[in-house]
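Chains as they are written, first to last, in the numbering used here: chain A, 5 to 345; chain B, 5 to 345; chain C, 5 to 345; chain D, 5 to 345.
These notes concern the structure reproduced below.
There are 4 protein chains.
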Amino acid sequence: MLSFENDYNVGAHPKLLQRLAETNLEPQTGYGLDDFCAAAKERIKLACACPNAEIFFLTGGTQTNQVVIDACLQRYEGVVAAQTAHIAQHEAGAIEFSGHKVLELPSHDGKLCASELKAMMERFYGDDSHEHMVFPGMVYLSFPTELGTLYSKTELTELNEVCRAYALPIFIDGARLGYGLMSKQCDLTLPELAGLCDVFYIGGTKVGALCGEAVVFPRGGMPKYFLTRVKQHGALLAKGRVLGVQFDALFTDGLYFEISKNAIDRAEEMKAIFREKGCRVWKETPTNQQFLIVKDSELERLSKLVAYSFWEKYDEDHTVIRLVTSWATTKEQVQQLRAIL
Amino acid sequence: MLSFENDYNVGAHPKLLQRLAETNLEPQTGYGLDDFCAAAKERIKLACACPNAEIFFLTGGTQTNQVVIDACLQRYEGVVAAQTAHIAQHEAGAIEFSGHKVLELPSHDGKLCASELKAMMERFYGDDSHEHMVFPGMVYLSFPTELGTLYSKTELTELNEVCRAYALPIFIDGARLGYGLMSKQCDLTLPELAGLCDVFYIGGTKVGALCGEAVVFPRGGMPKYFLTRVKQHGALLAKGRVLGVQFDALFTDGLYFEISKNAIDRAEEMKAIFREKGCRVWKETPTNQQFLIVKDSELERLSKLVAYSFWEKYDEDHTVIRLVTSWATTKEQVQQLRAIL
Amino acid sequence: MLSFENDYNVGAHPKLLQRLAETNLEPQTGYGLDDFCAAAKERIKLACACPNAEIFFLTGGTQTNQVVIDACLQRYEGVVAAQTAHIAQHEAGAIEFSGHKVLELPSHDGKLCASELKAMMERFYGDDSHEHMVFPGMVYLSFPTELGTLYSKTELTELNEVCRAYALPIFIDGARLGYGLMSKQCDLTLPELAGLCDVFYIGGTKVGALCGEAVVFPRGGMPKYFLTRVKQHGALLAKGRVLGVQFDALFTDGLYFEISKNAIDRAEEMKAIFREKGCRVWKETPTNQQFLIVKDSELERLSKLVAYSFWEKYDEDHTVIRLVTSWATTKEQVQQLRAIL
Amino acid sequence: MLSFENDYNVGAHPKLLQRLAETNLEPQTGYGLDDFCAAAKERIKLACACPNAEIFFLTGGTQTNQVVIDACLQRYEGVVAAQTAHIAQHEAGAIEFSGHKVLELPSHDGKLCASELKAMMERFYGDDSHEHMVFPGMVYLSFPTELGTLYSKTELTELNEVCRAYALPIFIDGARLGYGLMSKQCDLTLPELAGLCDVFYIGGTKVGALCGEAVVFPRGGMPKYFLTRVKQHGALLAKGRVLGVQFDALFTDGLYFEISKNAIDRAEEMKAIFREKGCRVWKETPTNQQFLIVKDSELERLSKLVAYSFWEKYDEDHTVIRLVTSWATTKEQVQQLRAIL
């Protein structure tokens, strides 16, 4: 069946599978200390223009958020995030499981607002009893956000300034980083983004890999004994090579950006179709996730022809659904969707 | 370089890579709800002769131990294990990270002894102040053990009887399960092993997969909302299909057992070479891990020719090293080792 | 200096000190298994009209919230609370420290609204991906609230109905329970309140004791091995008698209610003075906490004459302060405050 | 009934109750920021000859162990302790609850041995895979130990030297500190003990207080935001004055030492009686805990006349019991015990 359910509904980009096959029987040391991980790190440093970056490969998004946040925070600190943030909503409490509170700020189309962050920090330190409260110890934001939106360079710079003033590290969840960077609306390069945060990750799972996220500390400063902490979270892959080989391939000849662009191009085609067909759009976004409002009666027909994901109930007899393109979406699939709508 | 460093030093069995390639572009739902996971579960149920089994695929060994133990225990309970157990020594405190104590019993070549377990339980409940102590809530054992040894059917049955008396579930860490089952010394079948425990896992990472462990609750009773708990641990793979496809292949036409047998056959050849060469054996085991005592001066030469793993210092000028075969070890590689020794 | 800073600014009611002195040298078993705890429990059961209640004495409020919530929740569950709840704001993340998320709902003068709770539960179970979210496992509310307000019998009954429908236990934080029950606005008796929740605590620290909170499971159902869980939280007092003696005294001859009423009477006098003096009231409440808006210039003078607590900045040059009466506040002290204002 | 059950079976020294009564109605700020806590800290600094000490008052022993260990350790570190240590056996897993492993070393009459500690550290850092293990991050010892024994100055100095070499802080659990310092066998003064560790606590609960332990960082270095961390553990007492007043009294005119000496004197009398009566001694100790081996048949009679505590089964028909003196034990009570034996 045709599927626009999400951006992890198929396997890996063929070049990654090919590299896995080619390197399959070369013996390597485990736990990410292999040659492929080393090579992949060099390529990523180049792509980020961060020669002093420290990099670690993890397996999935929630795991990465949990490990990075827990490793960077002091025990008495929490992480600031938008109410719609993945860590606040859809990670089954993985942050709290490791002992930290998610300190929520309002979501503006999925984004944090620098002035609200500043006000929060002023309120916190202005409160006589703040030692009885959770200390804000890090700011989490996603690029693109969970709603497919993007921070502009100005917005990110403003957040960065507030964070600098309070010595708050910024962590960017880049589960869909490629789709953000290749969006027409994006005015940030990868090196610029790396320069505006303290740690971020380059999503592989949703951008062409079987699994894998590359955590990047752009100017170093990876928490001490990070490998031990990763292991303690149950997140250390014995065959770290699996991640290394894939990221090595993704960052060879710009593959990561090329396949990310495919998702954006297909999303643009999809948006054009929505306009053409007069679909009721809930949120049109500059990236690979698009949202429609559909009558529940119509939804029944649709669900037999195309896989989508339920977003939320809109009202009594309408539902918001999400349609997602990816590195693997073809022009043909978009045309099939057109025929269905 | 020749490597007997461990059983996760190469990629996956070619049939698994092939199946990953063949199924690569079929869209599937995420999080282990895909068709491949479903098919793999059916094959595993058959292999275990457990039609009511409940099965979940996780990524790695420490992760599996942490998730299963935490999900099965009450908050005030700990897990009983041998002092040499992987969870007691080499998981960076992953069990304690999730709040549970590892209650250690002496190791007998890596194994627990039923009478010592019984004595521990009697002592615990005989102690007036046991409500001030950690309740033993589960017994963890590994098959094969971390030292390459195996429980006999009698030993496992005795442990099982003590556990039944105290309503203690038994959890078997089967990271190397295939190598145990195919050992010449093993007098247990997979269905028999499944019948003597409450939950176990079938190791994939060390037996032919890129990654992946299959957690099996042989008679059902998987903890409620297990998926949520897995997610909370950061252990839920978006592309669960990656694990499903691989286990489906491993349990097609007995591949898992066939490749496990290869490791055992190569280990037997290796043991013969040790005898022939008069090597000083620290521990000869019935499975795929063998241990030698080597002079430190000799070790320097050796380390340039073959990768092994450091086990422990034996004395001032000797070291215990571990040499490991796997599903991928060839007769040629064993002969090369012979030439070196 | 005159102090209306809070309701824990002096020691204990003299009758409690006297009882501590009288019983001081009687040897007793530790950990709450003493005769005084037993006697106090009987008196509390009577006061609550709950003959099957199970009761445990703890030391302080945050500790009690942490222990009760953690002991009652499954690991994958969180606790629903108003945004202004003590557990959401002023407990330094004690709930998250034990692994649970506080699921916030809007605060209506410190209170939860039954229809919003219902909507939250419907949204949760209506969401296809709710297994990726934190399960609401308990509802926390405070009586009186952190803002000094009270639930009416109707409001509490409505919340109770929603909770019954979703099998959600209700936990009432009664750190200031006496002040709530003795308020003129209160239309609930202690037995009625006990009947409308699943667990609550009777605050001692703020109502006449040196320390101590009595956790009451009105119809039984205290979590198994509760003593062990309390110990695990570091919350088990060796000399449990200290709590038992005090609660025994508090529930002898209605002392708890009598001294609670004193705080209410003094608060009513204070409110009359505010009206007489034309003070700018931020929030007038039916219990023992009152809130004023004061010019910052005026505050400087005030702070030399009377201790109050900072609540929040109102605007550029005004501050909200809190003035609190307690079981110990005298008519003379209120008159002194009058002279100062 | 006559009770030698433990050293927390009665209330507080009368002078402490008197001070609580005298100071009862003086308004004070909460959370340990009151004048009494301040005064008590000054007295303790003097007694320890540590003018730069940082001090915090907590309520009970397990709580103190949990808070101090968790606050001082990094997340990936565990605490080294003897197998018989209170934290290893009788705290219901409170250390693991906060995420840290207790790394056990053999107990020599309750004590750690410096050479075994050194060997453990050498083994740890000599192990190639130590980043997969729990890092030893602190050494815990109790003075006196759980078995009533004492470290000599030499023994403590040797441990200290090993710890210095590995930058391992030493934490001394002084739940019964006074009884150790006043023992005839003790060759350490309080300032000397303070000089040989990094943090310790002065037990109040077992030495004359209703509750309370004084945590001392003798040369400063209290973990940042310690109050917040205490609160996060649910361990912050609102009426911190209760602890301050008591420790102020205990350290006025040497009361702490004087009443500690009483326990030792009574224990010496008890030991003389055991010799006189030919009691079978399991362990004779230099402090206030003594252990006898008693026939089970005889125990039945005994248990009706005197409260003791069960220690462990000795063999089929004998039991080890513990008899404990305290600050409150009188000569008359010891003579009554003599009559019974």
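Think of the CB as a built atom: it goes at the ideal place given N, C-alpha and C, for glycine as much as any other residue.
- Between V106/D and chain B, the shortest Cβ-Cβ separation is below 9 Å.
- Taking 9 Å as the threshold, the shortest C-beta distance from A89/D to chain C does not fall below it.
- For N266/C, no chain D residue has a C-beta closer than 7 Å to its own C-beta; the minimum C-beta separation is roughly 14 Å.
- Residue-level contact check: M137/B touches chain C, since one or more beta carbons of chain C fall below 9 Å from its beta carbon.
- By the CB criterion at 9 Å, T209/D and A179/D fall inside the cutoff.
- Note that the C-beta distance between L24/B and Q340/B is not below 9 Å.
- Non-local C-beta neighbours of L172/D in its own chain, meaning closer than 6 Å and more than five positions away in sequence, comprise V143, ordered along the chain.
- With 16 or more neighbouring CB atoms inside 10 Å of its own CB, P148/B falls in the buried class.
- Within the same chain, and ignoring the five residues on either side of A239/A in sequence, the residues whose Cβ sits closer than 7 Å to its Cβ are L62, T63, Q67 and V71.
- For Y170/A, same chain residues with a beta-carbon under 7 Å away, outside a window of 5 residues either side, are M125 in chain order.
- Counting only runs of at least 3 residues, the region 55-93 of chain A fully encloses the following beta strand (DSSP E) elements, listed from N- to C-terminal order: 58-62 and 81-86.
- Under the Cβ criterion of 9 Å, S301/C is not counted among the residues facing chain D.
- About 7 Å separates the beta carbon of G15/A from that of L29/B, a gap short enough to meet the 8 Å contact definition.
- Judged by DSSP secondary structure, K210/A falls outside any alpha helix (DSSP H); it is assigned neither H nor E.
- Residue pairing by DSSP puts A311/C in a beta bridge opposite S7/C.
- The alpha-carbon of F295/C is positioned some 23 Å away from that of I176/C.
- If one requires a minimum length of 4 residues, the alpha helix (DSSP H) runs lying completely within the region 100-169 of chain A are 118-130 and 157-169, in chain order.
- In the structure shown, F255/A adopts coil according to DSSP, grouped into three states.
- For K210/A, a Cβ of chain B is located within less than 9 Å of the residue's own Cβ.
- When secondary structure is reduced to three states using DSSP, G224/B falls in the strand class.
- The C-beta of Q70/C comes no closer than 9 Å to any C-beta of chain B.
- Here M5/D is exposed. Its C-beta has fewer than 16 other C-beta atoms within 10 Å.
- Identification of chain A residues near T66/B by a Cβ-Cβ cut-off of 8 Å yields K235, G238 and L240, ordered along the chain.
- For the pair K188/D and A51/D, the Cα-to-Cα distance works out to about 19 Å.
- Its Cα nearest to that of G182/C, the residue L259/C stands out among T334/C, K243/C, T33/C and L259/C.
- When DSSP reads this structure, L327/C sits in a beta bridge with Q294/C.
- Looking at the DSSP output, Y205/C bridges to V219/C.
- Around the CB of D300/C, fewer than 16 other CB atoms lie within 10 Å, so the residue is classed as exposed.
- S264/D is not a Cβ neighbour of V338/D, given a cutoff of 9 Å.
- Residue-level contact by beta carbon fails for K281/B and chain A, as no gap is shorter than 9 Å.
- Partner residues in the beta bridge of F175/B, as assigned by DSSP, are Y144/B and V203/B.
- Secondary structure note for K287/A: its beta strand (DSSP E) is the uninterrupted segment V285 to K287.
- Look at the beta carbons and you see the region 85-96 of chain C not touching the region 264-277 of chain D: under three pairs across the two are nearer than 8 Å.
- The bridge partners DSSP lists for K299/A are H322/A.
- Within 7 Å of the CB of K317/C, the CB atoms of chain A belong to G130, in sequence order along the chain.
- Residue contact check for Y35/A against chain D: a CB pair falls below 9 Å.
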